[in-house]
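Engineer:
In the UniProt record's numbering, the protein residues as written are 1 to 596.
1) In this structure, does DSSP put residue 342 in helix, strand or coil?
2) Could you tell me the boundaries of the alpha helix (DSSP H) in which residue 214 lies?
3) Do residue 287 and residue 263 come within 9 Å of each other at the CB atom, strictly closer than that value?
4) If you drop the 5 nearest sequence neighbours on each side, which residues of the same chain put their C-beta closer than 7 Å to that of residue 294?
5) Let's test the definition: count the other Cβ atoms within 10 Å of the Cβ of residue 185 and tell me whether it reaches 16, buried, or not, exposed.
6) What residue range does the alpha helix (DSSP H) around residue 299 cover?
7) Taking a contact to mean a Cβ-Cβ separation below 9 Å, would you say residue 430 touches residue 416 in this structure?
8) Look at the Cβ atom of residue 132, then the Cβ atom of residue 149, and state whether they are nearer than 9 Å.
9) Determine the direct distance from the alpha carbon of residue 528 to that of residue 252, and round the result to whole angstroms.
10) Quick one: measure Cβ to Cβ for residue 76 and residue 113, integer angstroms, because I've assumed they're closer than 8 Å.
11) What is the DSSP secondary structure of residue 242, reduced to helix, strand or coil?
12) Can you check which of these residues, 155, 121, 104, is closest to residue 597 by C-alpha distance?
13) Within 8 Å, do at least three Cβ pairs link the segment 508-526 to the segment 477-490?
14) Which residues in the same chain have their Cβ closer than 8 Å to the Cβ of residue 181, if we skip the five residues on either side of it in sequence?
15) Expressed to the nearest angstrom, what Euclidean distance is found between the alpha-carbon atoms of residue 39 and residue 301?
16) Is the separation between the beta-carbon of residue 654 and that of residue 418 shorter than 9 Å?
17) Which of the three DSSP states is assigned to residue 540 in this structure?
18) Using 10 angstroms around the beta-carbon of residue 54, count the other beta-carbons present and answer buried if the total reaches 16, otherwise exposed.
19) Pair every Cβ in the segment 197-212 with every Cβ in the segment 220-229, then say whether three or more of these pairs are closer than 8 Å.
20) Using 10 angstroms around the beta-carbon of residue 203, count the other beta-carbons present and answer buried if the total reaches 16, otherwise exposed.
21) Does DSSP put residue 134 in a helix, a strand or coil?
22) Contact between the segment 424-438 and the segment 468-480 is defined here as three or more beta-carbon pairs at a separation below 8 Å; is this criterion met?
23) To which residues of the same chain is residue 377 closer than 8 Å at the C-beta, ignoring the five residues directly before and after it?
24) Taking only three categories from DSSP, how would you classify residue 62?
25) Determine the direct distance from the alpha carbon of residue 566 to that of residue 558, and round the result to whole angstroms.
26) Distance check for residue 358 and residue 280, CA to CA, integer angstroms please.
27) Taking the alpha-carbon positions, what's the residue 17 to residue 63 distance?
28) Going straight from the alpha carbon of residue 461 to that of residue 258, what length do you get?
29) Have a look at residue 226 and residue 241 and give me their C-alpha separation to the nearest angstrom.
30) CA-CA distance, residue 266 and residue 276?
31) Only counting the same chain, and skipping five residues up and downstream in sequence, which positions put a Cβ closer than 6 Å to that of residue 456?
32) Give me the Cα-Cα distance between residue 86 and residue 214, rounded to the nearest whole angstrom.
33) Does DSSP put residue 141 in a helix, in a strand, or in coil?
Written out as structure tokens, the structure reads:
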């Protein structure tokens, strides 16, 4: 009879309800069958109903090792780790009828997996000690679970020791170790993850989709794009089926590395589920493809696809980059309707978006309604005031930040210095510089760049140069600030020299660099050099000249008396709608030289 009842409990959801079979077993006197009770345990735990399973276990007349292992492994899997350890202790101490004082590898592996899931390093270490005691630490399943436990708890050294001592390593162990290294902030660990992945391939341990998804997280800067593409090629060569999670990981990799072509090809080949579309939207936004990002957003809206936090944050960034205040408000309202109203990260992005669109009132409203303000929230509103020229509000707000004793002052100091440079407020800038010295952050690269920019824009060129010469890492902002400042204050020769020094140090110039450089050439009458620099913009640096650059060139020809060349240059300009501006510059120069 008990065989017939056990047959009713077949898996897959098609069997009878375990409570019905349990009741029948009690009525028919079959509850003494350990085989049937174990089947009932499995049936309860498949649902899962842990309380009913434990009640049955306590009532069992006879238990064998399988009874204990079923309940221990299921308790660990379902998050009842304390319960699992109580039961495990029962095995070790010979508790219960028909029990044994020696666990098997399956039980230890299940316990270790439960510790990994709960990220409980103390319990994991206890399981490890038990495995060593019973000589099971070299068992493949136990060793793999221990590696996963240490990895998920962030204990790299312990994970590596468990991995290195395992005589046979499954793909799960390799994946866990790679994931552990990838998740560390130190670049050295991430390099080790790439090395381990290559070794895995060399030993012909074939990666799974999870392995590929883990290693792809390493590639997050343009310099690593070629290696990321090699990994993509590897999974294609292996014939790996790209599921939604792996497709999302690939899109994220291309987005972070700036691989626009890879993003486009991937978008054409992979089914667009919610995860992939979110990754696609974020990738487009990260790389400045705002129109494409909005296109993905509209597709998701039409298909009633729910957005997550990263998608909403990216949309706010896109809309603010385009100056679309109305769209910013629409996205913000959507976020409020979909239970994101208490998400600090998202609301910080909303403050920044309103700031970029010049809507100070809305930025303040979001800030005031934000329940859990962090330093990013305060910095976002402070930056909003600075970007919109409200220098006094910046200083008052900064004093409030200091009064509240908020940490991470570097971001605030940098934002305040930028605000002072925008408003050309040297007095306030000196106060903030003094504060940076007191806080000991004046040598921070971002603070140094902001200080150089401040003093240069306020005309204190020598102070800016002194700070610049002491910097270890000179950013493009500092170079541009100095070149422009020397050009505007009559030292064009130094501006040109700085440009050459900038090239020697391998710093790539941008649009702003050439405005200062061409202005210097114009004032110094360096026609040939100015023309050469103008050509370098497109030929060497792939920069598209803007109206400011054309204006500088017309001024260059005009100051040198090359009026015919200036008129030819104006005629060849692509900015037809702005031609009057160039003509005005030309005739203004001619008048200054006595030709008007």
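In this text, a Cβ means the ideal position worked out from N, Cα and C, and glycines have one as well. Just so it is clear, the structure is predicted and the values come from calculations on it, not from any experiment.
Structural biologist: This is what the structure gives:
1) coil
2) That run of the alpha helix (DSSP H) goes 209-216.
3) yes
4) 318
5) exposed
6) 290-302
7) no
8) no
9) 46 Å
10) 6 Å
11) coil
12) The structure shown has nothing for residue 597, since the chain only spans 1 to 596.
13) Contact between the segment 477-490 and the segment 508-526 is present, because at least three Cβ pairs lie under 8 Å.
14) The answer, listed in chain order, is 156, 189, 190, 192, 193, 196.
15) 48 Å
16) Absent from the model: residue 654. The displayed extent of the chain is 1 to 596, so no value can be given.
17) coil
18) buried
19) no
20) exposed
21) coil
22) no
23) Excluding positions up to five away in sequence, the list reads 344, 347, 348, 351, 367, 370.
24) coil
25) Taking the straight line joining both Cα atoms gives about 6 Å.
26) 28 Å
27) 22 Å
28) 36 Å
29) Residue 226 and residue 241 have their C-alpha atoms some 22 Å from each other.
30) CA-to-CA, the gap between residue 266 and residue 276 works out to about 10 Å.
31) 464, 481, 482, 485
32) 34 Å
33) helix
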